[in-house]
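Peer 1: Take a look at this one; I'll ask things after.
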Amino acid sequence: MPEDGLKRRAEEVLGRALDRVRVVTDTTQFMELSRGDVLDLQGKRYLITGVAYEGRFGLDEEPKHWVKRALDLADGGQKLIKLVFYEQFDLPIGQFKVRCYRSPRKEARILELVRGRPEFMQGVTFIDAAGNEVRVLDRIPGQSMDRVLDAQRLDHPTYYQTRLKGLLTKFMGCLEAIAFLHAHGERHGDIRRDHIFEHNGHGGWIWIDFDYNFELAESPFGLDLFGLGNVLCYLVGRGIPILQDIKRERPEVLGRLDSGDLSLVIPNRVFNLRKLYPYLPEELNRVLMHFSASAPIFYERVGEMIDDLGPALELLP
Amino acid sequence: MILWNRILVGVDEGEASLGAVRYLAAVLGGSNTSKVRLLAVYQPPDPDLEPDPTALAAQAAERRLALEARLAEAYHILVEARLAQENVSTELVETQGRSIGATIMAEQAAGGYGTVVVGRRGMTKAEEFLFGSVSSNVVHQATDCCVWVVA
Numbered sequence: 003m004p005e006d007g008l009k010r011r012a013e014e015v016l017g018r019a020l021d022r023v024r025v026v027t028d029t030t031q032f033m034e035l036s037r038g039d040v041l042d043l044q045g046k047r048y049l050i051t052g053v054a055y056e057g058r059f060g061l062d063e064e065p066k067h068w069v070k071r072a073l074d075l076a077d078g079g080q081k082l083i084k085l086v087f088y089e090q091f092d093l094p095i096g097q098f099k100v101r102c103y104r105s106p107r108k109e110a111r112i113l114e115l116v117r118g119r120p121e122f123m124q125g126v127t128f129i130d131a132a133g134n135e136v137r138v139l140d141r142i143p144g145q146s147m148d149r150v151l152d153a154q155r156l157d158h159p160t161y162y163q164t165r166l167k168g169l170l171t172k173f174m175g176c177l178e179a180i181a182f183l184h185a186h187g188e189r190h191g192d193i194r195r196d197h198i199f200e201h202n203g204h205g206g207w208i209w210i211d212f213d214y215n216f217e218l219a220e221s222p223f224g225l226d227l228f229g230l231g232n233v234l235c236y237l238v239g240r241g242i243p244i245l246q247d248i249k250r251e252r253p254e255v256l257g258r259l260d261s262g263d264l265s266l267v268i269p270n271r272v273f274n275l276r277k278l279y280p281y282l283p284e285e286l287n288r289v290l291m292h293f294s295a296s297a298p299i300f301y302e303r304v305g306e307m308i309d310d311l312g313p314a315l316e317l318l319p
Numbered sequence: 045m046i047l048w049n050r051i052l053v054g055v056d057e058g059e060a061s062l063g064a065v066r067y068l069a070a071v072l073g074g075s076n077t078s079k080v081r082l083l084a085v086y087q088p089p090d091p092d093l094e095p096d097p098t099a100l101a102a103q104a105a106e107r108r109l110a111l112e113a114r115l116a117e118a119y120h121i122l123v124e125a126r127l128a129q130e131n132v133s134t135e136l137v138e139t140q141g142r143s144i145g146a147t148i149m150a151e152q153a154a155g156g157y158g159t160v161v162v163g164r165r166g167m168t169k170a171e172e173f174l175f176g177s178v179s180s181n182v183v184h185q186a187t188d189c190c191v192w193v194v195a
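Line by line, the protein sequences give chains A and B.
Under this note's numbering, read the first sequence as residues 3 to 319, first letter to last.
Under this note's numbering, read the second sequence as residues 45 to 195, first letter to last.
Okay, structure coming up:
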C-alpha cells in the first residue's frame, strides 16, 4: 500500500488524524515503537495506538512497553501486541523466591494449542523481520473477574445464597481448561484471579497471559495448583481472609483459628473458611483444606481438584 | 529380574545425595556382595528459558560437567570404602521430559535394581507442595524394590 493510502487507512480505523505513519518490520527495539507506527508482520498490518499498562496489584498504571495496544488495519479489530521481551526475576511466593522467566516462545506455543477454545485468550504469532515471535492477541471486551466481583457489594451470606454456585460453576470451566494445558505438558505459569477475564457479552471466564515459565521438573504443575487454590479461596470467601483483617473486623473468630487453618504457603491467609462462614458445606471446605498447613496430602493434579469440587458444588444453594 | 543387591544410587549436585553415598559406603564398606550403579540425572536447560542458543549450550555443558564431577566424587567415596572397582559403576542419563524421580525409577525398572538409594534434603511441606521432591517422587513410584531415603 502506498504511503498515502496507508496513512488514510490508519486514520480511518483510528477515527482521527495522524501526524505520520511509519512501517516497522523489526520489533526488537520495542521501546521506540509508539502511536502511529504500523507493524508489518508477515503481510498483516497493525496500527499501534498506545502502550498497555500493568494490572498487577500494586503496580497499576506502570507501562508495559513490550505490550502495545493496536488496531488491525484490515478490519479495525482491537488487538494487544506482545513483543519479545526476555526477563528473569525472582517471583516472591510467601517466604520463597522462585526464579521466573518470561518466555514468548511458551506463550506462542500455548496460543497455538488453545486456538478456538473459548476459555483461553486467542491470538496469532507472527515472526517479524528479525525473527522475533510477536503475539497478536484479540482484545477481550471485559475486565478481570475479581474487579467485576469486587464491584458487587454483597455480604457473605447473600453472596453464598445467590452467587457462589454460579461462580464456582464457571471456575470449574477454568479448572478444566488448566487440566487441558497440563495434559499437553504445558503450564499456565501465572495463575491469579486477575488473570481470569470476564467477557462483557457472554459472561464467560477466560484465562489470559501465558508467558511466565519456571524450571520445576519435579513438580511441573505445583505453582499452577497453588494459584488455583488461591483463586478458589478468593471465590469461596469473597476475598481471601487475612488474619490481620479478621483481628480487626471479627476478633471473636480469631480464637477459633489455629495455624493449621492457614495457607500452607502464605501463612496469614485463612483457608479454613468454614470457621468464618459455618454454613459452607464441609465438602467444599475440604477442597480448600488441601491448600492449608494442616493438609496431610496435596493435590498433584487439577483433575483431583475437579473430582472433589464437582460434588461439593451440588450442595450449594 | 529384580535383585536386592543390585543397588541404584541417585546422585546430584546437592549435599544430601553425597550424604546418601557416604551412608552406603558405611553400610557396604569392605563387602563385595553388591553391585552399585551411581546414577546422575541430567535435566537439559529449557530452551523456553534461554533464547540464546550459545548460552543454552554453555548452560547444558556446565550442568553435565557438574554432574560428572559429582559422579566421580561419589565413585571415589565408595572405592575408598573398599568396594571393588568392578562392582561400582557410574552413569549419566537425561530426563527426556520426565521428572528426575521418574527417570531414576525408569532406570531402576530397566536395570532390575532391587534397592534404590536417594538423599533427602530437608524440604518444608510448603516447598514440597510448590516445587516437588525427588525422594518423594521416587518413593511414590516405587514398586517391587526397596528404597532407602537418607535424610
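Here a beta-carbon is modelled for each residue, glycine too, at the ideal position from N, C-alpha and C.
State the Cα-Cα distance for the pair residue 314(A) and residue 228(A), rounded to the nearest angstrom.
Peer 2: Numbered from its first residue, the first sequence carries residue 314(A) at position 312. Numbered from its first residue, the first sequence carries residue 228(A) at position 226. Computed Cα separation, rounded: 20 Å.
Peer 1: Would you check if the distance between the CB atom of residue 42(A) and the CB atom of residue 23(A) is smaller than 9 Å?
Peer 2: Indexing the first sequence from 1 puts residue 42(A) at position 40. Indexing the first sequence from 1 puts residue 23(A) at position 21. No.
Peer 1: Could you check which residue in 173(B), 114(B), 163(B) and 116(B) has the C-alpha nearest to that of residue 266(A)?
Peer 2: Position 264 of the first sequence, counted from the first residue, corresponds to residue 266(A). Among 173(B), 114(B), 163(B) and 116(B), the Cα nearest to that of residue 266(A) belongs to 173(B).
Peer 1: Of all the options 305(A), 162(A), 309(A) and 273(A), which has the alpha carbon lying nearest to the alpha carbon of residue 296(A)?
Peer 2: Position 294 of the first sequence, counting from 1, holds the residue named residue 296(A). Comparing Cα positions, the closest option is 273(A).
Peer 1: For residue 85(A), go through chain B and note every residue whose CB falls closer than 8 Å to its CB, in chain order.
Peer 2: Numbered from 1 along the first sequence, position 83 holds the residue referred to as residue 85(A). Per Cβ cutoff of 8 Å: no residues; residue 85(A) is ~13 Å from chain B at best.
Peer 1: Establish whether the CB of residue 90(B) and some CB of chain A are separated by less than 9 Å.
Peer 2: For the purposes of this step, residue 90(B) is identified with residue 46 of the second sequence, where counting begins at 1. By this cut-off, residue 90(B) is an interface position.
Peer 1: By the DSSP assignment, the alpha helix (DSSP H) with residue 229(A) in it spans what residues?
Peer 2: Within the first sequence, residue 229(A) is the residue found at index 227, counting from 1. Counting along the chain, the alpha helix (DSSP H) containing residue 229(A) begins and ends at 224-239.
Peer 1: State the start and end residues of the unbroken beta strand (DSSP E) segment that holds residue 52(A).
Peer 2: Residue mapping note: residue 52(A) aligns to position 50 of the first sequence, counting from 1. Element bounds for residue 52(A): 46-55.
Peer 1: Just the C-alpha distance for residue 262(A) and residue 204(A), rounded to the nearest angstrom, thanks.
Peer 2: Here the question's residue 262(A) lines up with position 260 in the first sequence. Here the question's residue 204(A) lines up with position 202 in the first sequence. Going by the C-alpha atoms only, they are around 40 Å apart.
Peer 1: Note down, in chain order, all residues in the stretch 75-104 of chain B with a beta-carbon under 7 Å from any beta-carbon belonging to chain A.
Peer 2: Flagged, chain order: 87, 90, 92, 93 and 95.
Peer 1: From residue 35(A) to residue 149(A), what distance separates their C-alpha atoms?
Peer 2: Mapped onto the first sequence, residue 35(A) falls at position 33. Mapped onto the first sequence, residue 149(A) falls at position 147. Their backbone Cα atoms lie some 30 Å apart in a straight line.
Peer 1: From the DSSP output, in three-state form, read off residue 159(B) for me.
Peer 2: Here the question's residue 159(B) lines up with position 115 in the second sequence. In this structure, residue 159(B) counts as strand in the three-state DSSP scheme.
Peer 1: Excluding sequence positions up to five away, which residues of its chain have a Cβ less than 8 Å from the Cβ of residue 200(A)?
Peer 2: Your numbering for residue 200(A) matches position 198 in the first sequence. These residues qualify, in order along the chain: 144, 145, 146, 147, 150, 206, 207 and 208.
Peer 1: Looking only at its chain, what residues have a beta carbon closer than 6 Å to the beta carbon of residue 19(A), apart from the 5 residues adjacent to it on each side?
Peer 2: The sequence position of residue 19(A) within the first sequence is 17, counting from 1. Only 13 meet the Cβ criterion.
Peer 1: Residue 111(B) to residue 169(A), Cα distance in whole Å?
Peer 2: On the second sequence, position 67 is the one that residue 111(B) refers to. On the first sequence, position 167 is the one that residue 169(A) refers to. One C-alpha to the other measures close to 49 Å.
Peer 1: Can you look up residue 148(B) in the DSSP assignment and give me helix, strand or coil?
Peer 2: As a working note, residue 148(B) is residue 104 in the second sequence. In this structure, residue 148(B) counts as helix in the three-state DSSP scheme.
Peer 1: What do you get for residue 292(A), buried or exposed, if any count of 16 or more other CB atoms within 10 angstroms of its CB means buried?
Peer 2: What you label residue 292(A) is simply residue 290 of the first sequence in a count that begins at 1. Looking at its Cβ environment, which holds 16 or more other Cβ atoms inside 10 Å, residue 292(A) is buried.
Peer 1: Among residues of its own chain, excluding the 5 on either side of residue 202(A), which ones have a beta-carbon nearer than 7 Å to its beta-carbon?
Peer 2: As a working mapping, residue 202(A) is identified with position 200 in the first sequence. These residues qualify, in order along the chain: 143 and 144.
Peer 1: Name, going along the chain, the residues of the stretch 265-296 of chain A whose beta-carbon falls closer than 7 Å to a beta-carbon of chain B.
Peer 2: The residues in question are 266 and 267.
Peer 1: Out of 104(A), 83(A) and 132(A), which one is the CA nearest neighbour of residue 28(A)?
Peer 2: Looking up residue 28(A) in the first sequence gives position 26. Here the closest residue by C-alpha is 132(A).
Peer 1: To which residues of the same chain is residue 137(B) closer than 8 Å at the C-beta, ignoring the five residues directly before and after it?
Peer 2: Sequence index remark: in the second sequence, residue 137(B) carries index 93 (1-based). Same-chain partners within the cutoff: 83, 84, 85, 86, 147 and 151.
Peer 1: Please report the straight-line C-alpha distance between residue 120(A) and residue 305(A), rounded to a whole angstrom.
Peer 2: By 1-based counting over the first sequence, the position of residue 120(A) is 118. By 1-based counting over the first sequence, the position of residue 305(A) is 303. Cα to Cα, residue 120(A) sits roughly 20 Å from residue 305(A).
Peer 1: Can you tell me whether residue 301(A) is buried or exposed, with buried defined as 16 or more other CB within 10 angstroms of its CB?
Peer 2: To locate residue 301(A), count along the first sequence from 1; it is residue 299. Classification of residue 301(A): buried, given that the 10 Å Cβ count is 16 or more.
Peer 1: Where does residue 274(A) fall in DSSP's three states?
Peer 2: For the purposes of this step, residue 274(A) is taken as residue 272 along the first sequence, with counting starting at 1. In the structure shown, residue 274(A) sits in coil (DSSP, three-state: anything other than H, G, I, E or B).
Peer 1: Determine the chain B residues that contact residue 99(A) at a beta-carbon separation under 8 Å, and present them in chain order.
Peer 2: Along the first sequence, one-based indexing puts residue 99(A) at 97. Residues of chain B passing the Cβ test: none, with the nearest at roughly 11 Å.
Peer 1: With residue 65(A) as the anchor, note down where its beta strand (DSSP E) starts and where it stops.
Peer 2: By one-based count along the first sequence, residue 65(A) stands at place 63. Per DSSP, residue 65(A) belongs to the beta strand (DSSP E) from 65-74.
Peer 1: Residues in its own chain within less than 7 Å of residue 181(B) by CB, not counting five upstream and five downstream?
Peer 2: By 1-based counting over the second sequence, the position of residue 181(B) is 137. Same-chain partners within the cutoff: 143, 145 and 146.
Peer 1: Would residue 139(B) and residue 219(A) be called neighbours here (beta carbons separated by less than 9 Å)?
Peer 2: On the second sequence, position 95 is the one that residue 139(B) refers to. On the first sequence, position 217 is the one that residue 219(A) refers to. Cβ atoms of residue 139(B) and residue 219(A): closer than 9 Å.
Peer 1: Is there at least one Cβ from chain A nearer than 9 Å to residue 46(B)'s Cβ?
Peer 2: Numbered from its first residue, the second sequence carries residue 46(B) at position 2. Chain A contact via Cβ: absent.
Peer 1: For residue 125(B) and residue 72(B), which I take to be in contact (beta-carbon distance under 8 Å), what is that distance rounded to the nearest angstrom?
Peer 2: Position 81 of the second sequence, counted from the start, is the residue given in the question as residue 125(B). Position 28 of the second sequence, counted from the start, is the residue given in the question as residue 72(B). Right, their Cβ atoms sit about 7 Å apart.
Peer 1: Keeping to the same chain, check which residues put their C-beta closer than 8 Å to that of residue 50(B); ignore five residues upstream and five downstream.
Peer 2: Along the second sequence, one-based indexing puts residue 50(B) at 6. Around residue 50(B): 78, 79, 81, 155, 156, 157, 158 and 159.
Peer 1: Are the CB atoms of residue 78(A) and residue 15(A) nearer to each other than 9 Å?
Peer 2: For the purposes of this step, residue 78(A) is taken as residue 76 along the first sequence, with counting starting at 1. For the purposes of this step, residue 15(A) is taken as residue 13 along the first sequence, with counting starting at 1. Contact flag set, yes.
Peer 1: So that I know if they touch, is there some Cβ in chain B lying closer than 9 Å to that of residue 107(A)?
Peer 2: Along the first sequence, read from residue 1 onward, the residue named residue 107(A) stands at position 105. Yes, residue 107(A) counts as interfacial toward chain B.
Peer 1: Which residues, taken in chain order from the stretch 206-227 of chain A, show a beta carbon closer than 7 Å to some beta carbon of chain B?
Peer 2: Residues 215, 217, 218, 219, 220, 221, 224 and 225.
Peer 1: Who pairs with residue 129(A) in a beta bridge, going by DSSP?
Peer 2: Within the first sequence, residue 129(A) is the residue found at index 127, counting from 1. BP columns for residue 129(A) point to 135(A).
Peer 1: Mapping the DSSP letters down to three states, classify residue 141(A) as helix, strand or coil.
Peer 2: Here the question's residue 141(A) lines up with position 139 in the first sequence. Residue 141(A): coil per DSSP, three-state reduction.
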